[in-house]
Amino acid sequence: MQVIYSIFNTILDAGAVVMLPIIITIIGLIFGIKLSKAFRSGLTIGIGFAGINLVINLMKDNIGPAAKAMVENFGINLDIVDVGWGSIAAVTWSSPIIAILIFAILATNIIMLVLNATETLDVDIWNYHHMAIVGIMVYFVTKSVLLGIFATVLMAIITFKLSDWTAPLVEDYFGIPGVSLPTMSALASVIIAYPLNWIIDKIPGINKLDFEIKDAKKYLGIFGEPSMMGLILGMIVGILAKYSVANILSLGVNMAAVMILIPKMTALFMEGLMPISESAKKFCQEKFKNRKFLIGLDAAVVVGNPDVITTSLIVIPLTVIMAAILPGNRVLPFADLAVVTFRVAMVVAMTRGNLFKNIIIGLVTTAALLYCGTITSPVLTQIATSVGLDFGGGLITSFAATSLAVSFLVYEAFINNPIIWVPVLLIVFAIIWVGVVKYQKKRNI
Amino acid sequence: MKRILVACGNGIATSTVVATKIREKCEEAGISVTVTQCKLLEVEAKADDYDLLVTTGKFTGGSVKCPTVGAMSLLTGINEEATLNEILSYLK
């Protein structure tokens, strides 16, 4: 017993780089992958974590002091650095309860499919991190594993239902039939876009507005290139920090490096998880082969749409300006400016590509990201520090995790008086569910 | 050595799946390739240096000179072989 205990402690002390290969190997074995392959997956993911740690350190050393100087010089209080969804996903996969949460999500999906409560088969294990992080944060705050699992299961149910409901949009607008997009980073915008779109449609005059921007890509394309965005933003922060010219240039190039390197490191996570996703896919497709279902895919498959790209290219620079002037916001948007396309994709589909509405609703969506990010940053930073991603006392956030409106609501309901707010959330969700079912029946007749 | 550019929404998730499958298939077929991943937003700036563009979604965002293959099937697993063979046909 003593031996097991000390082995366990040694592993825990060694941190995420050691925990990750072990946890992923075990998850892989449960999914029926051969030990050698499962271990390679685990090791690849451990390497990814080490890589992300390096980039985060590069970021901390460069942008950390500059952001502080910016506050002192001009009172621009943007001291919470957006380190990107990939870094937060790395933190998520390093949690001690991640294995339980992954199986809880998969079980939720299978049970809902068996009960005909969802059409979506979601074996995109990679994107489970959006649902898992909420449970991890709830667990971290409440110290209750059970509440953490409940929060993640609720996230899963909401995710699968939202992707069922938006599947017709994906088919009609993006022209991709037979799939749904259980990616919360895209779906969360729906709860903001749906009511706003409805309101705008009711305002006489405004509801007729639309315009077109020709050659948006030619003039704004630069905002779509992460390296250029990193360079420009880095240099702007350097100027506001009143750095010397040499230091301004150096900050620009280092921030461009961060923009390019974070996705490269995150890709290692994806590569490591692929064998697990593939085996889950085979297992589930065989189990449900007599049933029609929507295959859950990453929302990456729709963001190539030209309207989505045009909207993003306009929303990205406006979001940076908004971050500086919105009262109460402390988030410095950075790494996740590269994925604004995901946040606006569903907005674009909902307005049928009306650029006027896309920009208005898109900006409300990114404003919500900034505020939710500001509020939940301290807990997120503590969790990151606890698994070894240390930002040297500075605060971090991203445009994922609880910065997403849906995840934010679920998280807040579970940490503030869950006895009152969780039932409230469930009732509201149930009413929406019934409403959507009635609406769909009416439309089909 | 043929050069393939694989593009998806963020240059990470789905493009890694597709890139890995293309690499494995090419290895089996004995074709040497370099596969690079990028974001769909960057395609126009980059595609000219490649022999083939593979996208994981619908790419309607502009004009590129090299042939383009949509590889959604590598994600859903339906008609996967046909798409892989189409990709190979451009590399011979």
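From first to last, the protein sequence lines stand for chains A and B.
If you use the working numbering, the first sequence corresponds to residues 586 to 1030, in order.
If you use the working numbering, the second sequence corresponds to residues 101 to 192, in order.
We put the CB at the ideal spot given by N, CA and C, even for glycine.
Asked: Rounding to the nearest angstrom, what Cα-Cα distance links Ile611/A and Phe941/A in this structure?; Found: 50 Å
Asked: Kindly indicate the opening and closing residues of the alpha helix (DSSP H) around Thr737/A.; Found: 730-757
Asked: When we look at the beta-carbon of Ser115/B and count the other beta-carbons within 10 Å, is it buried (16 or more) or exposed?; Found: buried
Asked: Determine the extent of the alpha helix (DSSP H) in which Leu834/A is found, giving its start and end residues.; Found: 830-872
Asked: In chain B, what lies closer than 8 Å to Met859/A by C-beta?; Found: Thr116, Val117, Thr120
Asked: Spatial neighbours of Leu879/A within its chain, please: C-beta separation below 8 Å, excluding the five flanking residues on both sides.; Found: Glu704, Thr705, Leu706, Ser748, Asp749, Ala752, Gly763, Val764, Ser765
Asked: With a threshold of 8 Å between beta carbons, is Ala147/B in contact with chain A?; Found: no
Asked: With DSSP as the reference, label Arg1028/A as helix, strand or coil.; Found: helix
Asked: With a threshold of 8 Å between beta-carbons, can Lys102/B be considered close to chain A, or not?; Found: no
Asked: Would you kindly work out how many angstroms separate the C-alpha atoms of Ala969/A and Gly938/A, rounded to a whole number?; Found: 38 Å
Asked: Give a yes or no on whether the C-beta atoms belonging to Ile187/B and Ile122/B are separated by under 8 Å.; Found: yes
Asked: Find the residues of chain A that neighbour Thr156/B, judging by a C-beta separation of less than 7 Å, and give them in chain order.; Found: Ala885, Val886
Asked: So, at 6 Å on beta carbons, what are the nonlocal neighbours of Ala841/A in its own chain, with the 5 sequence-adjacent residues on each side left out?; Found: Ser812, Gly815, Leu816
Asked: So, with DSSP's three-state summary, where would you put Gly760/A?; Found: coil
Asked: Going along chain A in order, which residues have a C-beta closer than 7 Å to the C-beta of Leu105/B?; Found: Here the premise fails: no neighbours, minimum Cβ distance about 13 Å.
Asked: Taking the alpha-carbon of Ile717/A as reference, which of Lys1027/A, Leu948/A, Asn890/A, Phe993/A has the nearest alpha-carbon?; Found: Looking at the sequence shown, residue 717/A is not Ile but Ala. For Ala717/A, the nearest C-alpha among the options comes from Phe993/A.
Asked: Using DSSP with H/G/I as helix, E/B as strand and the rest coil, what is Phe765/A?; Found: The identity of residue 765/A in the sequence shown is Ser, whereas the question assumes Phe. In this structure, Ser765/A counts as strand in the three-state DSSP scheme.
Asked: So is Thr951/A in contact with chain B if we call contact Cβ pairs under 8 Å?; Found: no
Asked: If we define contact as Cβ-Cβ less than 8 Å, is Asn662/A a contact residue for chain B?; Found: no
Asked: Can a CB atom of chain B be found closer than 8 Å to the CB of Pro848/A?; Found: yes
Asked: Please state the DSSP three-state secondary structure of Leu614/A.; Found: helix
Asked: Gly881/A: which of Ser897/A, Leu772/A, Ile791/A sits nearest, CA to CA?; Found: Leu772/A
Asked: Between which two residues does the beta strand (DSSP E) harbouring Lys102/B extend?; Found: 102-108
Asked: Going along the chain, which residues of its own chain have a beta-carbon closer than 7 Å to the beta-carbon of Val726/A, five neighbours each way excluded?; Found: Val964, Ile1000
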